[in-house]
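Here the structure comes first, spelled out in structure tokens, and everything after it is commentary.
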Amino acid sequence: MGLEEEAGGSAKILPPTEQELSAELDTKLQKYLRGEGADLEALKDKKLKGQLFVREKLYGNSAKAAAKFEKWLMPSEGGYLEAEGVEKTWRIKQDQLTREVDILSSRNQYDIVLKDLGPYTLDFTPSGRYMATAGRKGHVAIVDMKSMELIREMQVKETVRDIVFLHNESFFAVAQKKYPYIYNRDGIELHCLKEHGAVSRLQFLKNHFLLASINKFGQLRYQDVTTGEMIGNFRTGLGRTETMQINPYNGVVAVGHSAGTVSMWKPTSAAPLVKMLCHHGPISALAFHPNGHLMASCGREKKIKIWDLRKFEVVQTIPGHHAKTLDFSQKGLLAAGTGSYAQVLGDFSGTQNYSRYMGHSIAKGYQIGKVSFRPYEDVLVMGHSMGWSSILIPGSGEPNFDTWVANPFETSEQRREKEIHSLLDKLPPETIMLDPSKIGTLRPYKKREKPTKEEIEAEKEAAVESVKDIALKKKTKGRNKTSKRVMKRKVLIDKAKKPFLEKQMLEEGKVAGKKRNLGEETELPASLKRFVRKKAAV
Amino acid sequence: MKVKVISRSTDEFTRERSQDLQRVFRNFDPKLRPQEKAVEYVRALNAAKLEKIFARPFIGAMDGHIDAISCMAKNPNFLKGIFSGSMDGDIRLWDIASRARGSLSGTKGMTLITLCEIHLMMDAYFTFLYPKLHRTCGLSRKTVCQFPGHQGAVRGLTASTDGSTLISCGTDCTVRIWSVPVAATLESDHASNKPIEANAVYVGKNAYWAVDHQWGGDLFATTGARVEIWNHNRSQPVNTFEWGTDTVISVRFNPGEPNLLATSASDRSIALYDLRMSTPARKLIMQTRTNSIAWNPMEPLNFTTANEDCSCYSYDARKLDEAKCVHKDHVSAVQEIYNLVYPYFSMDIDYSPTGREFVTGSYDRTVRIFPYNGGHSREIYHTKRMQRVFCVKFSSDASYIISGSDDTNLRLWKAKASEQMGVLLPREQKKHEYQEAVKNRYKHLPEVKRIVRHRHLPRPIYKAKELRRMVIDAEKKKEERRKAHSTPGSIVTESVRKRRIIREVE
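The listed protein sequences derive, respectively, from chains L and R.
Sequential numbering from 0 applies to the first sequence in numbering that gives the first Met the number 0.
Sequential numbering from 0 applies to the second sequence in numbering that gives the first Met the number 0.
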């Protein structure tokens with residue numbers, strides 16, 4: 000309300016620069032307004048209207064302040080890569096970039112070759128400062144990405160399938176041969192999560208402190224890592240599964256199955272929230288856009304599909320990729336790792352039409368097992384069969400971090416504070432739902448009434464009428480007689496009536512049953528009383 | 000090819016010296032905070048719970064009177080001074096900021112937190128002084144001085160706006176004028192136990208029931224058999240009003256218009272007087288008696304009355320035919336029996352200086368705080384030892400409440416039960432504001448609402464409340480049935496705001 004008025008007020012002619020500025024601010028404003036305000040005109044209650052008006056004004060002002068803050072006070076600007084002349088961005092090689100960027104950034108281009116312990120998987124902390132990496136043969140390492148120091152390295156002497164950081168870099172979970180284990184940053188084993196069994200994928204919901212795991216047989220488990228309580232244990236029942244991904248927007252876990260379905264789960268219901276058939280063949284990779292509305296999936300039929308999760312529809316199909324791994328960056332770039340080639344796709348038109356942006360091939364024969372954008376940096380890290388490699392993807396990361404959300408320059412004291420605060424703000428598992436903006440709103444009051452007799456009657460008649468209109472097939476001679484046709488229609492009509500009659504019978508039966516029960520309790524005539532079995536004295 | 004890559008040097012984003020504050024960068028992008036509504040909701044829930052945990056409103060009791068406390072007066076010029084008068088004729092000036100260690104009856108149940116708060120409450124300049132005060136105050140540790148003289152119960156106390164004069168009246172038919180020891184003597188060693196003598200004693204014909212001083216002027220009004228207006232310098236009332244024959248039991252001057260005053264009488268009337276006219280201005284007769292009146296200091300045309308039917312009624316002085324708001328919550332199941340003993344005190348009321356809320360004390364042994372426009376109380380205070388509350392006052396900074404009760408104690412409460420007292424750091428302040436805001440935002444959700452609304456009630460009050468509810472429901476049901484079985488339109492339900500009003504007399 001208040002905003003609209005002010006927008007109207009600023010309609011007077013301004014010098015062009017200021018006009019441009021205000022237009023720019025307006026577009027930024029939309030982001031912070033979080034949707035449209037309440038329609039106050041529809042309200043009759045004057046008091047409520049006044050209160051809401053004040054509140055809307057407050058929201059508008061704070062959004063405006065945030066937009067101005069973004070315009071003027073942000074310390075850094077995002078990265079970009081622009082081709083000039085006949086150049087194409089996807090033809091630009093990493094060594095070309097090395098020459099152009101500063102030394103600090105060029106340090107982010109490297110290959111770590113660890114031949115024997117191969118294929119590597121990896122995970123970042125939310126701030127992008129630390130990386131946990133695990134080789135299939137049991138090599139686990141925590142690396143400080145800022146100083147490029149190895150914090151801890153160990154050999155668990157077991158098959159390792161996945162590694163994931165818990166709420167900060169001091170704890171991580173590793174999916175090992177038989178069970179997942181939780182270690183601290185010193186490499187000390189804290190827990191062996193035997194209940195999970197041999198899991199293939201691990202994910203951590205950092206707002207809820209839930210560790211989600213899935214094993215090969217599709218058993219999905221949620222464990223609260225603060226209390227150790229098992230929150231959910233569901234059999235997906237949709238076949239073998241190797242991919243699991245969390246939608247960061249709402250905390251819903253998506254699991255890709257071998258039959259081409261993707262199912263989405265929350266820890267409080269045993270049935271999936273969504274089951275969608277995405278591919279004709281096993282799902283090999285899944286990724287979610289940070290805004291939560293887009294999902295990318297890849298199947299063995301060599302197609303990447305981009306889905307709109309608000310409508311559950313395919314937005315775009317990109318053929319020719321058999322990606323083993325997908326990842327969205329903070330700015331919405333999509334990385335796909337296929338064989339020894341990593342392709343980065345970007346949505347430059349703003350119409351959710353992904354086209355190629357950059358590409359990078361590593362040495363032939365190396366198989367990329369995991370691609371992951373480093374948060375708050377323009378870096379893509381690939382875990383492959385011979386170690387891991389890091390490349391620069393300009394424009395992939397969010398340039399400005401928030402100290403209170405994820406701080407790449409966090410001190411240990413800040414980390415401790417943060418841990419306490421995040422524990423205080425720990426969300427209950429019930430807050431995981433498809434539309435998280437529903438929280439805090441009230442469900443419109445709707446009284447569910449039993450249908451009246453007339454309504455049931457009307458429904459029945461409608462059902463009968465609909466059957467009457469069905470055109471019967473023409474049958475062969477002899478079966479197409481009028482009497483037969485009439486009989487057939489009658490059967491159809493009876494069939495339509497049947498559920499209603501059954502329901503009616505059931506209700507009447509109930510009433511009759513009640514009556515009978517009552518009858519038993521009523522007193523018998525005196526002559527019959529002596530036949531009644533006497534109750535044993537208690 | 001044009002290229003730019005995010006590159007952060009550590010120097011730019013960390014502090015230069017270890018003595019510096021850590022640098023903070025903000026990015027308000029909603030994308031960085033997934034599920035922000037859920038997080039906010041959880042924070043609101045936690046804030047509500049923390050509020051409950053920190054809700055310790057009782058600060059301390061002030062012990063010293065030997066009979067029930069019948070009236071109190073704030074010192075408008077001195078924040079921590081309060082006068083109290085008791086049924087045995089004793090008047091005392093208390094220093095609510097000073098505090099004895101250990102020995103008082105009220106301190107037994109106190110926690111360390113409240114002790115610390117008290118220390119904070121007394122400002123630094125005062126902290127080093129208060130041990131001296133202990134040694135010198137012989138009577139009671141918090142009494143600064145006494146004003147002896149009244150023979151019977153002190154019924155009314157009031158201080159002049161400059162705080163230099165105290166006026167008391169009582170059932171011994173006297174009005175006494177005292178000069179208050181100034182603030183300086185309060186803190187000096189001379190705060191002796193030497194009793195103070197009255198400057199003037201005026202003897203009237205009838206017992207006096209209440210007194211109130213004009214705002215800013217030098218007039219004061221006493222009530223009893225009639226309303227009398229006095230001047231500081233005259234030994235006789237300058238003006239007398241009479242309307243009806245019944246005793247006038249309370250009086251309050253309007254804070255905005257110094258010549259306007261409101262009284263309530265035992266003939267169940269509320270009357271408005273204008274001193275510029277020789278006759279009373281308006282009168283309103285209700286079904287039950289009004290015990291006390293308080294003007295809203297911020298909207299001085301509105302006043303709230305504490306009625307004997309356990310409710311408070313807010314009126315607009317210009318429009319007396321309908322109450323602006325009815326504030327219900329007090330229960331006083333045994334009121335009638337007590338009324339035989341103390342016929343005129345069952346509820347007292349005082350407005351916060353902010354005008355946003357007022358406090359009431361009642362015979363149900365509780366103190367309640369109501370919003371000025373809300374039908375139900377936001378807070379209820381009670382302790383095991385507190386008996387029927389005769390008088391309540393909001394402190395002049397709106398952060399404390401003082402109650403005087405039958406058990407001879409004055410009690411000091413926080414106006415916001417969970418408020419953190421003392422000087423707050425800006426960060427603390429911000430945190431409190433944030434918590435208040437999220438709580439306010441999610442207050443309608445069932446879980447938050449349940450926690451915020453919950454108050455532990457003593458069993459008798461809980462039972463009485465239930466009983467009252469039942470009675471009201473039964474009456475309502477009866478009326479509905481009566482309405483349903485009579486000619487449409489023959490029975491008209493009157494609104495609660497009008498129901499208790501009998502008529503208005505000009």
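Beta carbons are placed, not taken as given, at the ideal position from N, Cα and C, and that holds for glycine.
For the candidate residues L/67, L/374, L/160, L/527, whose alpha-carbon lies nearest to that of residue 199 of chain L? Mapped onto the first sequence, residue 199 of chain L falls at position 200. Of the listed residues, the one whose Cα sits closest to residue 199 of chain L is L/160.
Checking the sheet assignment: what are the DSSP bridge partners for residue 387 of chain L? Walking along the first sequence from the start, residue 387 of chain L turns up at place 388. Paired residues: L/111, L/382.
For residue 174 of chain L and residue 102 of chain L, the rounded distance between their alpha carbons: Your numbering for residue 102 of chain L matches position 103 in the first sequence. Your numbering for residue 174 of chain L matches position 175 in the first sequence. Counting only the Cα atoms, residue 174 of chain L lies some 37 Å from residue 102 of chain L.
Using CA coordinates, which residue listed in R/11, R/8, R/23, R/4 is at the minimum distance from residue 403 of chain L? In the first sequence, residue 403 of chain L corresponds to position 404, counting from 1. The option with the nearest alpha carbon to residue 403 of chain L is R/23.
With which residues is residue 318 of chain L paired in a DSSP beta bridge? Position 319 of the first sequence, counting from 1, holds the residue named residue 318 of chain L. Paired residue(s): L/302.
Along chain R, in chain order, which residues have C-beta atoms closer than 8 Å to that of residue 436 of chain L? Locating residue 436 of chain L in the first sequence gives position 437, counting from the first residue. Chain R residues near residue 436 of chain L: 36.
In this structure, how does DSSP classify residue 529 of chain L when only helix, strand and coil are distinguished? Taking the first sequence and counting its residues from 1, one reaches residue 529 of chain L at position 530. Coil at residue 529 of chain L, not helix or strand.
Mapping the DSSP letters down to three states, classify residue 439 of chain L as helix, strand or coil. On the first sequence, residue 439 of chain L is found 440 positions in, with the first residue counted as 1. In this structure, residue 439 of chain L counts as coil in the three-state DSSP scheme.
Do residue 135 of chain L and residue 118 of chain L have their C-beta atoms closer together than 7 Å? Position 136 of the first sequence, counting from 1, holds the residue named residue 135 of chain L. Position 119 of the first sequence, counting from 1, holds the residue named residue 118 of chain L. Cβ distance < 7 Å, so residue 135 of chain L and residue 118 of chain L count as in contact.
Whole-angstrom distance between residue 64 of chain L and residue 72 of chain R, CA atom to CA atom: Taking the second sequence and counting its residues from 1, the one referred to as residue 72 of chain R is at position 73. Taking the first sequence and counting its residues from 1, the one referred to as residue 64 of chain L is at position 65. The straight-line gap from Cα to Cα measures roughly 48 Å.
Could you tell me the distance, in whole angstroms, from the CA atom of residue 202 of chain L to the CA atom of residue 251 of chain L? As a position in the first sequence, residue 202 of chain L is number 203, starting the count at 1. As a position in the first sequence, residue 251 of chain L is number 252, starting the count at 1. Their Cα atoms are separated by approximately 11 Å.
Helix or strand or just coil, what does DSSP make of residue 403 of chain L? The residue you call residue 403 of chain L lines up with position 404 of the first sequence. Correct three-state label for residue 403 of chain L: coil.
Are any of the Cβ atoms in chain L nearer than 7 Å to that of residue 448 of chain R? Taking the second sequence and counting its residues from 1, one reaches residue 448 of chain R at position 449. Judged by the 7 Å Cβ criterion, residue 448 of chain R is not in contact with chain L.
Selection of the segment 9-25 of chain R by Cβ proximity to chain L, strictly under 9 Å: Flagged, chain order: 9, 11, 12, 13, 21, 22, 23, 24, 25.
In the DSSP output, which residue or residues are listed as bridge partners for residue 57 of chain R? Here residue 57 of chain R refers to the residue found at position 58 when the second sequence is read from its first residue. According to DSSP, residue 57 of chain R bridges with R/412.
Does the CB of residue 408 of chain L have a neighbour CB from chain C at under 7 Å? Note that chain C does not occur in the displayed structure, where the protein chains are L and R.
Rounded C-alpha distance that separates residue 262 of chain R from residue 381 of chain R: Taking the second sequence and counting its residues from 1, the one referred to as residue 262 of chain R is at position 263. Taking the second sequence and counting its residues from 1, the one referred to as residue 381 of chain R is at position 382. One C-alpha to the other measures close to 29 Å.
Whole-angstrom distance between residue 292 of chain R and residue 500 of chain R, CA atom to CA atom: Against the second sequence, residue 500 of chain R aligns to sequence position 501. Against the second sequence, residue 292 of chain R aligns to sequence position 293. Those two C-alpha atoms are separated by around 16 Å.
My assumption, with CB atoms under 8 Å, is that residue 363 of chain R sits in contact with residue 463 of chain R. Please give the rounded CB distance. Within the second sequence, the letter at position 364 stands for residue 363 of chain R. Within the second sequence, the letter at position 464 stands for residue 463 of chain R. Distance from residue 363 of chain R to residue 463 of chain R at the Cβ level is roughly 7 Å; contact confirmed, criterion being Cβ atoms closer than 8 Å.
Nearest to residue 84 of chain R (by Cα), restricted to the options R/150, R/472, R/30, R/38: Translated into the one-based positions of the second sequence, residue 84 of chain R becomes position 85. Out of R/150, R/472, R/30, R/38, the CA that lies nearest to the CA of residue 84 of chain R is found in R/150.
For residue 523 of chain L, which residues in the same chain have their Cβ closer than 7 Å to its Cβ, ignoring the five residues on either side in sequence? Your numbering for residue 523 of chain L matches position 524 in the first sequence. Within the same chain, and ignoring the five residues on either side of residue 523 of chain L in sequence, the residues whose Cβ sits closer than 7 Å to its Cβ are 531.
List the residues of chain R whose Cβ lies closer than 7 Å to the Cβ of residue 268 of chain L, in chain order. Working through the first sequence from its first residue, we reach residue 268 of chain L at position 269. The contact set of residue 268 of chain L on chain R, defined by CB atoms closer than 7 Å, is empty, because the minimum CB distance reaches about 17 Å.
Can you confirm whether residue 608 of chain L, when its beta carbon is compared against all beta carbons of chain R, has any partner nearer than 7 Å? Absent from the model: residue 608 of chain L. The displayed extent of chain L is 0 to 537, so no value can be given.
Validate contact between the segment 430-438 of chain L and the segment 46-54 of chain R using beta carbons, cut 8 Å, 3 pairs: No, the segment 430-438 of chain L is not in contact with the segment 46-54 of chain R.
Contact list for residue 45 of chain R against chain L, beta-carbon separation under 9 Å: Counted from its first residue, the second sequence places residue 45 of chain R at position 46. Within 9 Å Cβ-Cβ: 423, 424.
Helix or strand or just coil, what does DSSP make of residue 445 of chain R? Taking the first residue of the second sequence as position 1, residue 445 of chain R is located at position 446. Here residue 445 of chain R sits in helix by DSSP.
Are the CB atoms of residue 526 of chain R and residue 332 of chain L nearer to each other than 7 Å? This structure cannot settle anything about residue 526 of chain R, because the visible part of chain R is limited to 0 through 505.
By DSSP, does residue 283 of chain L sit in helix, in strand, or in coil? As a position in the first sequence, residue 283 of chain L is number 284, starting the count at 1. For residue 283 of chain L, the secondary structure class from DSSP, reduced to helix, strand or coil, is strand.
With DSSP run on the structure shown, which of helix, strand or coil describes residue 21 of chain R? By one-based count along the second sequence, residue 21 of chain R stands at place 22. Reduced to three states, the DSSP call for residue 21 of chain R is coil.
If you drop the 5 nearest sequence neighbours on each side, which residues of the same chain put their C-beta closer than 7 Å to that of residue 387 of chain L? On the first sequence, residue 387 of chain L is found 388 positions in, with the first residue counted as 1. Counting only Cβ-Cβ distances below 7 Å, and skipping sequence neighbours, we find 111, 119, 121, 132, 380, 381.
Give me, in chain order, the residues of the same chain whose beta-carbon lies closer than 7 Å to that of residue 204 of chain L; leave out the 5 immediate sequence neighbours on both sides. Numbered from 1 along the first sequence, position 205 holds the residue referred to as residue 204 of chain L. Excluding residues within five positions, the ones whose Cβ falls inside 7 Å are 211, 245, 250.
For the alpha helix (DSSP H) that residue 59 of chain L lies in, which residues bound it at each end? Position 60 of the first sequence, counted from the first residue, corresponds to residue 59 of chain L. Its alpha helix (DSSP H) spans residues 45-71.
Reduced DSSP category for residue 490 of chain L - H, G, I as helix; E, B as strand; rest coil: Locating residue 490 of chain L in the first sequence gives position 491, where the first residue counts as 1. Of the three classes helix, strand and coil, the one that applies to residue 490 of chain L here is helix, per DSSP.
The alpha helix (DSSP H) with residue 503 of chain R in it runs from where to where? Position 504 of the second sequence, counted from the first residue, corresponds to residue 503 of chain R. No alpha helix (DSSP H) contains residue 503 of chain R, which is instead part of the beta strand (DSSP E) from 500-504.
Euclidean distance between Cα positions of residue 164 of chain L and residue 184 of chain L: For this step, residue 164 of chain L is matched to residue 165 along the first sequence. For this step, residue 184 of chain L is matched to residue 185 along the first sequence. Taking the straight line from one Cα to the other gives about 10 Å.
Does DSSP classify residue 231 of chain R as helix, strand or coil? The sequence position of residue 231 of chain R within the second sequence is 232, counting from 1. Coil.
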